[in-house]
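Data block below; observations after.
2 protein chains.
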Amino acid sequence: MPPRDAAVARDAADPLAAFRAKFIPSASPAIYSDGNSLGPPPFSVRARLNAMVTEWANDLTGAWERWVDLPLQVGDRLGAACLGAGAGQVAVCDSTSVNLFKAVNAAIDGCDASRHEIVVAIDEFPTDRYMLQSIAAQREMTYVVVGSAAEAVDACGPSTAVMVLSAVNYRTGELFDVAAVTARVHAAGAEIVWDVCHAVGVVPLELDAWDVRLAVGCTYKYLNAGPGAPAFVYVARAHQDRLSQPLWGWFGQRDQFEMGPHYEPAEGVRAWLAGTPNIIGTALVDEAAAMIEKAGVTAIRAKSQHLVAYAIELADELLVSRGWSVITPREPQRRGGHLALARSDAQEVCATLIDQALVIPDFRAPDVLRLGFSPLVTRFVDVYDAIGAVASV
Amino acid sequence: MPPRDAAVARDAADPLAAFRAKFIPSASPAIYSDGNSLGPPPFSVRARLNAMVTEWANDLTGAWERWVDLPLQVGDRLGAACLGAGAGQVAVCDSTSVNLFKAVNAAIDGCDASRHEIVVAIDEFPTDRYMLQSIAAQREMTYVVVGSAAEAVDACGPSTAVMVLSAVNYRTGELFDVAAVTARVHAAGAEIVWDVCHAVGVVPLELDAWDVRLAVGCTYKYLNAGPGAPAFVYVARAHQDRLSQPLWGWFGQRDQFEMGPHYEPAEGVRAWLAGTPNIIGTALVDEAAAMIEKAGVTAIRAKSQHLVAYAIELADELLVSRGWSVITPREPQRRGGHLALARSDAQEVCATLIDQALVIPDFRAPDVLRLGFSPLVTRFVDVYDAIGAVASV
Chain B
1 MPPRDAAVAR DAADPLAAFR AKFIPSASPA IYSDGNSLGP PPFSVRARLN
51 AMVTEWANDL TGAWERWVDL PLQVGDRLGA ACLGAGAGQV AVCDSTSVNL
101 FKAVNAAIDG CDASRHEIVV AIDEFPTDRY MLQSIAAQRE MTYVVVGSAA
151 EAVDACGPST AVMVLSAVNY RTGELFDVAA VTARVHAAGA EIVWDVCHAV
201 GVVPLELDAW DVRLAVGCTY KYLNAGPGAP AFVYVARAHQ DRLSQPLWGW
251 FGQRDQFEMG PHYEPAEGVR AWLAGTPNII GTALVDEAAA MIEKAGVTAI
301 RAKSQHLVAY AIELADELLV SRGWSVITPR EPQRRGGHLA LARSDAQEVC
351 ATLIDQALVI PDFRAPDVLR LGFSPLVTRF VDVYDAIGAV ASV
Chain H
394 MPPRDAAVAR DAADPLAAFR AKFIPSASPA IYSDGNSLGP PPFSVRARLN
444 AMVTEWANDL TGAWERWVDL PLQVGDRLGA ACLGAGAGQV AVCDSTSVNL
494 FKAVNAAIDG CDASRHEIVV AIDEFPTDRY MLQSIAAQRE MTYVVVGSAA
544 EAVDACGPST AVMVLSAVNY RTGELFDVAA VTARVHAAGA EIVWDVCHAV
594 GVVPLELDAW DVRLAVGCTY KYLNAGPGAP AFVYVARAHQ DRLSQPLWGW
644 FGQRDQFEMG PHYEPAEGVR AWLAGTPNII GTALVDEAAA MIEKAGVTAI
694 RAKSQHLVAY AIELADELLV SRGWSVITPR EPQRRGGHLA LARSDAQEVC
744 ATLIDQALVI PDFRAPDVLR LGFSPLVTRF VDVYDAIGAV ASV
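One line per chain: the protein sequences are B and H, in this order.
So in the working numbering, the last spot in the first sequence is 393, and the numbers never skip.
So in the working numbering, the last spot in the second sequence is 786, and the numbers never skip.
The following block contains the structure:
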């Protein structure tokens, strides 16, 4: 085994090292390597929750004067911090699944009716595929499922209304060239909705510059906003008049408190709100955006790339000979923030690592062990110890 | 003005008086009479939020083993505490608007395709009407809007797929005979989706006994679970196999972590979950259910009826001569937990009451002043002082 000193030296040189102390330590001695599934809580969450309860107690319905704009204010902040999105294009609301439903329907309604296909790859995240199956069934469209993202892009043609792709694949950790894929799909006359769940907060996104029109994502992975925290949706300003979403709720209504007889969508991305947004959850997304602002998403990406590169280096040395294969792409610019290892008994290994409180990774059927290194809390020694633990099982 | 001593005496005899101390007092001296819009926070909310953050910090993804069932467990608890719903029929998730979208679509899909009408009254809560307009447009159905709830029931016939009605009207506070209306709509071969937002937690509901099939509601009014807290949906067990909702997300999938190629709904009401549920918000709904359990919804209803009766008595004495009319029904069994007063300058009066920190009511266009008396925190002296303040403006 290579010397642990190298990892210690890397930690000493880490410009983000101080951020680890901003997170509440776990009671478990296990190394947490599932930050791509659920990020750990920053200490600031407790103070913000208390402040929200105080605001709720003191101002009661009066607080809605401010809260009513919170989903868009936090959207703007998140957009600036890590989405490459100018103001007025991001709404924090609902779940990723519900936002995907809105975005895909908007994309379809924005297309010529002769385009009857919805395209997706079989290894796309399940909720995305299920939602597309539902939409295809409801709208009597054709659900086209292909073997890979590349095949999905190739499948986009004159019959395609929309395709959905994750910027970072949830299993392999592969990062796609969002700008290039978007351009190809648009060139085919189709729309693409990006799912950025596994990218946001760890890979700098440039949604405006990449000419993305629609994107959705969650906030409970690298953004650390808590289990099931509100998700977000991005709608490019230039397409906001053209793209309209189908969940017409009172928070998306132009003059909400007029309570008029007919739905008339509010201007801009506000029309993408539906029901009453969860305000306490949205406040935690605000905390998340503040943390990313402080650290800087470029610095986060740089550390993330070093962490994963180091993990691959150690995996090559310690795990490949033990039958593991690294299925995450080896080119740094083609991967996100997690490492995927495959072996037929990955499920048992995962269970053992958790049972023995060595490492908390996760398992994705049928044979993938995922190690998600949240850059603001993960040290190089954690990577060292985690790979060592996998080797020991 | 009648003597305030009578109000003091009523408070002394109030069996629920001790509950007021369980809520965080507001910093404002104004009497809070908007509990039907946003309930105030119980002290227990702070402890529960801290406990949730600790659980999140310590158990991280491991906590999902428990959290995955929380939306249904809390649904069961809420069902037993105040919905009259046996276990396995309530899911806490999403917003009321999104749950209404699910329920109305399920109702339509459960009907014969020849039924092409969606029926609603013009004074139904806006988000309900807007969502129905959207569904009618998407499905090329006929949106039938009539003048009142009674007309809506009368309008249900052989062409009706579904109607939507609030158990308690958000403006007038009128409480409908849920069992009788449900029976009439079912007799016409149509479905009815009940919106119980303004009833839940203050009017004992007996959804099972009343043969309700679909209901939705929020948790931030009389349940005090916080601004935009997760909503709920009720689907009667006998109809769960027949009624299926259109937002196919991974939390509604039968074997969620198999992540298989095809969506196959989970058994029972779990299939009504879509994306990842907001767990911290759901925990506050659990606190809400616990509070209702402790107080007992029958006792809450009894106090609520006394509060509103007292408010009407005072309004008759002090406000009618000043041009206000009481638009809430006068029969106790025909009203919910709030009092609606109408006068042409209601909006200005509402603003003055708030500006002078006398009372916090709310205004509903064009001329309604609502006084919502949350029975667990409102005293009879508050009612006395609130009506006196309205009279003084």
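All C-beta atoms in this analysis are idealised placements derived from N, C-alpha and C, irrespective of residue type, glycine included.
query                                                                                                                                   : result
Bridge partner(s) assigned by DSSP for residue 42 of chain B                                                                            : B/23
Ranges of the beta strand (DSSP E) found wholly within the stretch 580 to 624 of chain H, counting only runs of at least 3              : 584 to 588 and 607 to 610
C-beta atoms of residue 752 of chain H and residue 424 of chain H nearer than 8 Å                                                       : yes
Residue 655 of chain H burial status per 10 Å Cβ neighbour count (16 or more: buried)                                                   : exposed
Residue range of the alpha helix (DSSP H) that includes residue 500 of chain H                                                          : 489 to 502
Residue 647 of chain H versus residue 106 of chain B - alpha carbon distance                                                            : 28 Å
Pair within 8 Å by beta-carbon distance, residue 71 of chain B and residue 92 of chain B                                                : yes
Beta-carbon proximity check, residue 489 of chain H vs residue 511 of chain H, cutoff 8 Å                                               : no
Among B/232, B/162 and B/150, the one whose alpha carbon lies nearest that of residue 216 of chain B                                    : B/232
Between the CA atoms of residue 572 of chain H and residue 617 of chain H - distance to the nearest angstrom                            : 26 Å
Classification of residue 122 of chain B by the beta-carbon crowding that lies within 10 angstroms, buried from 16 upward               : exposed
Between the CA atoms of residue 151 of chain B and residue 187 of chain B - distance to the nearest angstrom                            : 16 Å
Beta carbon proximity, residue 133 of chain B to chain H, threshold 8 Å                                                                 : yes
Chain H contact for residue 222 of chain B (CB, 8 Å cutoff)                                                                             : no
Local Cβ density within 10 Å of residue 533 of chain H, reported as buried at 16 or more and exposed below that                         : exposed
Closer than 7 Å at the beta carbon, the chain B residues around residue 663 of chain H                                                  : None at all; the shortest Cβ gap to chain B is about 14 Å.
Residues of its chain near residue 363 of chain B, where Cβ-Cβ distance is below 7 Å and the 5 sequence neighbours each way are ignored : 346, 347, 350 and 369
Neighbourhood of residue 548 of chain H by C-beta distance below 7 Å, restricted to the same chain and skipping five residues each side : 512, 537 and 539
Best match in H/525, H/716, H/684 and H/497 for proximity to residue 606 of chain H [C-alpha to C-alpha]                                : H/497
Residues, ordered as in the chain, of the stretch 200 to 220 of chain B that lie near chain H by beta-carbon distance below 8 Å         : 218 and 220
Residue 432 of chain H versus residue 37 of chain B - alpha carbon distance                                                             : 33 Å
Rounded separation between residue 245 of chain B and residue 659 of chain H - CA only                                                  : 27 Å
Other residues of its chain near residue 381 of chain B: CB distance less than 7 Å, five sequence neighbours each side excluded         : 4, 7, 8 and 11
Chain B within 8 Å of residue 646 of chain H, Cβ atoms only                                                                             : yes
Near-chain B residues of the stretch 479 to 505 of chain H (beta-carbon distance less than 7 Å), N- to C-terminal order                 : 487, 488, 489, 490, 491 and 494
Residue 26 of chain B: contacting residues in chain H (beta-carbon distance under 9 Å)                                                  : 450, 451, 452 and 453
Close-in-space but distant-in-sequence residues of the same chain around residue 467 of chain H (CB under 6 Å, 5 per side omitted)      : 485, 675, 678 and 679
Nearest-angstrom Cβ-Cβ length linking residue 16 of chain B and residue 303 of chain B, presumed shorter than 8 Å                       : 5 Å
Residues near residue 772 of chain H by beta carbon distance below 6 Å, same chain, minus five either side                              : 404
As assigned by DSSP and simplified to three states, the class of residue 556 of chain H                                                 : strand
Residue 667 of chain H versus B/280, B/291, B/228 and B/292, residue with shortest Cα-Cα distance                                       : B/228
Residue from H/710, H/688, H/615 and H/730 whose Cα sits closest to the Cα of residue 700 of chain H                                    : H/730
Simplified DSSP state of residue 462 of chain H, which is helix, strand or coil                                                         : coil
Inter-residue Cα distance where the pair is residue 456 of chain H and residue 561 of chain H                                           : 38 Å
Residue 362 of chain B, enclosing beta strand (DSSP E) - first and last residue                                                         : 362 to 364
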